[in-house]
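A quick write-up on the structure given underneath.
Number of protein chains: 2
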Amino acid sequence: MANSAKSIQPPKGTRDLYPQDVLVRRYIQNAWRDASLRCGFDEIEGPTFESSNLYSIKSGEGILSELFQTFSGKGGQETLDKIVAQGKADFALRPEFTPTLARMYAARAKQLPKPCKWFTAGPYFRAERPQRGRLREFLQWNCDIIGLPSDEDTPKTRALMDAETIEPCVNLLVQLGISTDSLRIKVNDRFQFERFLSSMGVKESQLDGVFALVDKIGKLAPEKLKQESIQIGLPESVYSVLFEQSKDNDTESYLRALEGKPLTSSMAPKGFESIASAVDATGLNKWCECDPFIVRGLAYYTGTVFEAIAKGERAVAGGGRYDNLIQLMGGPPTPAVGFAMGDVVLTNLLEDNNLIPDGPELMEAVAKPQASIRPEAFIAVPNNDEENRAAAQSLAATLRRGIESETYLNNESRKPWNPDRYAVRPLHTRTSYKSTTNPGKLRKDADSQHAKYFIEIHAPNKVELTDMDKREAITSPTHGSFSINPTDPNFIGSALNELL
Amino acid sequence: MANSAKSIQPPKGTRDLYPQDVLVRRYIQNAWRDASLRCGFDEIEGPTFESSNLYSIKSGEGILSELFQTFSGKGGQETLDKIVAQGKADFALRPEFTPTLARMYAARAKQLPKPCKWFTAGPYFRAERPQRGRLREFLQWNCDIIGLPSDEDTPKTRALMDAETIEPCVNLLVQLGISTDSLRIKVNDRFQFERFLSSMGVKESQLDGVFALVDKIGKLAPEKLKQESIQIGLPESVYSVLFEQSKDNDTESYLRALEGKPLTSSMAPKGFESIASAVDATGLNKWCECDPFIVRGLAYYTGTVFEAIAKGERAVAGGGRYDNLIQLMGGPPTPAVGFAMGDVVLTNLLEDNNLIPDGPELMEAVAKPQASIRPEAFIAVPNNDEENRAAAQSLAATLRRGIESETYLNNESRKPWNPDRYAVRPLHTRTSYKSTTNPGKLRKDADSQHAKYFIEIHAPNKVELTDMDKREAITSPTHGSFSINPTDPNFIGSALNELL
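Protein sequences appear in the order of chains A and B.
With our numbering applied, the first sequence corresponds to residues 1 to 500, in that order.
With our numbering applied, the second sequence corresponds to residues 1001 to 1500, in that order.
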């Protein structure tokens, strides 16, 4: 029996999933897909392993010690000799999706829409010691927006893409029953943090080191932090402000201005006006706050960075803007922003909050209808009115998240998988990113994306609706035109719920 | 730019899937899941990589040259030295699911139901030269039945498990629009083929070699076949009968009796009576035929083996009985049977037959409601009547596959993703595998599997129906009791379609 597989266990840090475990996984995977699709992201997928060069180009050869390296057994001794000579194998199991995404975008940049909203969810691998919340094989969900609406490269549109990236992350959490009491989206801006550090005398060559250290606050022991800060030559004064929270009115004003401040237009700290306004427009302001200590460890982030932090300081998701990476990977210069969420911490969080259904409820929650892949609503603004554009953004956000029913909200023991949860159920909603105001061109945009219903906002109370399959205008029985106001009886969302 | 990722391609034999490609993949994955769930299989999943020992125990060290081997980069030089010393790495990307399944079953054998019907679908890897129909990373769907209905180890129950394994494979093909004109399930029995070979003078030590050779008919050039047959010392007379189809009334009677014969009770060749009768009971006889040259290359098959062969000799799926493997892997002696189907050949087949929807049709086909995870119907026979048991098996098969509507069947340009395809749509249907005839125990069995409706067959025209959620008997408005006959107005399937 010594030679039997009896003693063979699954590799450490990997999982055997029996039927009940698969249902829990699928509950999460479905929620990821639904949240992404409803926010207008298209699904893509890459290989499970890649050339190891793909990772070392982005992160340096050091990254290879954190990866599962892979080689074809076909090459025999020759391959083994080559591995020893090079100190690495030709391939590696993917530790993250971003390099694949950058490669895939670069390969087809010219034909792809602007912006390109992509999501993916699959297995990833890290060669590290397994511990609570970290396994060697895990699932990860990625949402990315590559590029900007055509010809609109302004801080405002970049901030809007940032907010539209945070949107599916928040919608997923809402969908799964996580509340603002137990989780916050903490936002910072790497450029501003850089400027602040420079003003304190940190040299440019030290910046990456400081970011890496700030990212380790709470994870490394204070002595270790001190030691590493000495290694990178950080001035004592900077160290005490950043890591010992010593008060110094001159230098720590940036930190004080940000720490725990809500991210919303009316209270936006200096430099955060654009992102605050975009966060408002997408209805995310209840979830978002500023946090100067969110920097993300990876060197490639530029501008906005954010993390979803649950009570107990668990990071459930993290991401940010990476405007240089697509070019680094051989594509055209293309601003981009994205985030990733793993299944391990998320599952722990849901379990701790008793938010995973069980028994027949789980079976029904998993088999319930999925989000539509065809856009159910496509919103366009056939004029350049600023207010109507904001209304379109806000309506899209409302439709994507759905409106919970009074009876559900008043039920103290409400469960997020309750089939009667919504008064207006969440819809797959897109907006036109074209700068045109030509109604024909906007309609063509909706058509090429196979939208079911086309919504034109002429004014908050003058909303026109077209059934794109039947090419037929639909009018409200009472007033003819619809409204974007959810409390109005002619609310367009209620009309769509009845039609779909 | 030399150091950019511009020149980095996806590894040879792997795929980058853009949104349209993902939809096609999901169309297939959904069909796999639906077919499995409706036939009463539960989903499981294992790690993407396993200890390389898991594969060499089953297939010998030689298998490692066909695998992508994997190691943790964390071990540095020490790991590389160990790989060279051992001639192999600690881990390998899974090339197939069966070893993982055997390991998972062995780990929990005592707690698992009898039989255990499991399916899984995910990525697999082979270190071979990519060619049409074969990639280095591909998806594979596996369905397996491990164990037998409690205490019923007879040729008949084994054959029934064989047929219930072929069932989801056929249902998948039906669901996707493949017809019996373009695909056959070719069935053989390894034991009988062994006996035939022995009668011709083949020694036991030569059997595995002969099976491997027979599996290569059509893949190897005749000279090569001849050469290899000499290497294993096959008598000239056997060679000519097997590979040159020379006629010899004494020895080739087995081959002639099987070749192309339909697999159905009334015409079953000697020794195929049990499987033919099980295939009849599950309504698979239109699809199945005997083929003495189907042996499957792998050494671990015992008894029934089968392949789904499409026109042009493409093998779309293959499997069989492997009664010794669970024990070899350290579990209790447990008969088992299963098959695997890859996505690459299947996709080629669907494309060649114009059976993949496109545009908004594809989007709608992918987002359409999935199969129920709760059993929708659970059929039990509360007496030992042989005829009623056969009726239960046949009803289960009908409900699992659904009944196509007249209008659909009469429409020449019918498409399998047509939403109006079914008069009685396919249902997730289970039968009790308990040997008890106690109605209370049978009902408890349905309950523990969270079935929605419980069906008791007392006679073909005396079928009782219970709503298990409401604990309420349901009667037919006309006759009180229901019928198993699809043309009867009281057909139980139509009643369920209205209730669900």
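Beta carbons are placed, not taken as given, at the ideal position from N, Cα and C, and that holds for glycine.
Bear in mind that the values here come from a model prediction, so they are computed numbers and not experimental data.
Run the CB neighbour count on residue i, radius 10 Å, all protein chains shown included, and call it buried at 16 or more, exposed below.
i: B:N1388; result: buried
i: B:I1230; result: exposed
i: B:R1108; result: exposed
i: A:E61; result: exposed
i: A:E164; result: buried
i: B:A1451; result: buried
i: B:K1058; result: buried
i: A:S274; result: buried
i: B:K1012; result: exposed
i: B:Q1077; result: exposed
i: A:E45; result: buried
i: B:D1162; result: buried
i: B:Q1131; result: exposed
i: A:E351; result: exposed
i: B:D1081; result: exposed
i: A:P99; result: buried
Is the shortest distance between the beta-carbon of residue i and the beta-carbons of chain B less than 8 Å?
i: A:Q370; result: yes
i: A:E406; result: no
i: A:L80; result: yes
i: A:A109; result: no
i: A:P47; result: yes
i: A:N142; result: no
i: A:P19; result: yes
i: A:A459; result: no
i: A:T398; result: no
i: A:L23; result: yes
i: A:T165; result: no
i: A:R158; result: no
i: A:F91; result: yes
Using beta-carbon positions only, say whether residue i and residue j come within less than 8 Å of one another.
i: B:L1148; j: B:P1335; result: yes
i: A:C290; j: A:E167; result: no
i: A:I492; j: A:I484; result: yes
i: B:I1326; j: B:Y1105; result: yes
i: B:R1314; j: B:L1355; result: no
i: A:F119; j: A:F41; result: yes
i: B:E1043; j: A:P360; result: no
i: A:P382; j: A:P439; result: yes
i: B:W1540; j: B:P1357; result: An answer regarding residue 1540 of chain B cannot be provided, because it is not within the stretch 1001 to 1500 covered by chain B.
i: B:V1316; j: B:A1308; result: yes
Are the C-beta of residue i and some C-beta of chain A separated by less than 8 Å?
i: B:V1366; result: yes
i: B:N1482; result: According to the sequence as given, residue 1482 of chain B is Phe; it is not Asn. Not closer than 8 Å to any Cβ of chain A, the Cβ of B:F1482 fails to qualify, so no.
i: B:Y1027; result: no
i: B:S1065; result: yes
i: B:S1199; result: no
i: B:T1070; result: yes
i: B:G1060; result: no
i: B:N1003; result: Any reading at B:N1003 must be qualified, since the residue scores a pLDDT of 47, below 50, and its modelled position is unreliable; no value is offered.
i: B:N1497; result: no
i: B:N1053; result: yes
i: B:T1431; result: no
Near residue i, which residues of its chain fall below 6 Å by C-beta distance, leaving aside the five closest residues on each side in sequence?
i: A:A423; result: I403 and S405
i: B:H1428; result: L1037, R1038, A1371, S1372, P1375 and E1376
i: B:C1116; result: I1146 and G1147
i: B:R1321; result: T1302, G1303, T1304 and V1337
Excluding the 5 residues flanking residue i on each side, which residues of the same chain have their C-beta closer than 7 Å to its C-beta?
i: A:V170; result: I185, L284 and W287
i: B:G1331; result: A1102, Y1105, A1106 and A1109
i: B:A1089; result: S1052, Q1069, T1070, F1071 and I1083
Could you name the residues of the same chain whose beta carbon sits closer than 8 Å to that of residue i, not counting the 5 residues immediately before and after it, in chain order?
i: B:A1127; result: S1065, E1066, L1067, F1068 and R1136
i: B:M1001; result: A caution first: B:M1001 carries a pLDDT of 37, below 50, which makes its placement in the model unreliable, though a value can still be read off. No residues qualify anywhere along the chain.
i: A:T437; result: V381, P382, N383 and N384
Confirm the yes/no value for this check: CB of residue i, any heavy atom of the ligand SAM, distance under 7 Å.
i: A:L213; result: Absence of the ligand SAM is noted for the structure shown, with no ligands found whatsoever.
For the 8 Å Cβ check, are there 3 or more pairs between the region 1276-1285 of chain B and the region 1304-1312 of chain B? Between the region 1276-1285 of chain B and the region 1304-1312 of chain B, the count of Cβ pairs shorter than 8 Å is below three; the stretches do not touch.
Could you check whether the region 1235-1242 of chain B touches the region 1193-1209 of chain B, counting it as contact only if at least three pairs of C-beta atoms, one from each stretch, sit closer than 8 Å? A contact exists between the region 1235-1242 of chain B and the region 1193-1209 of chain B.
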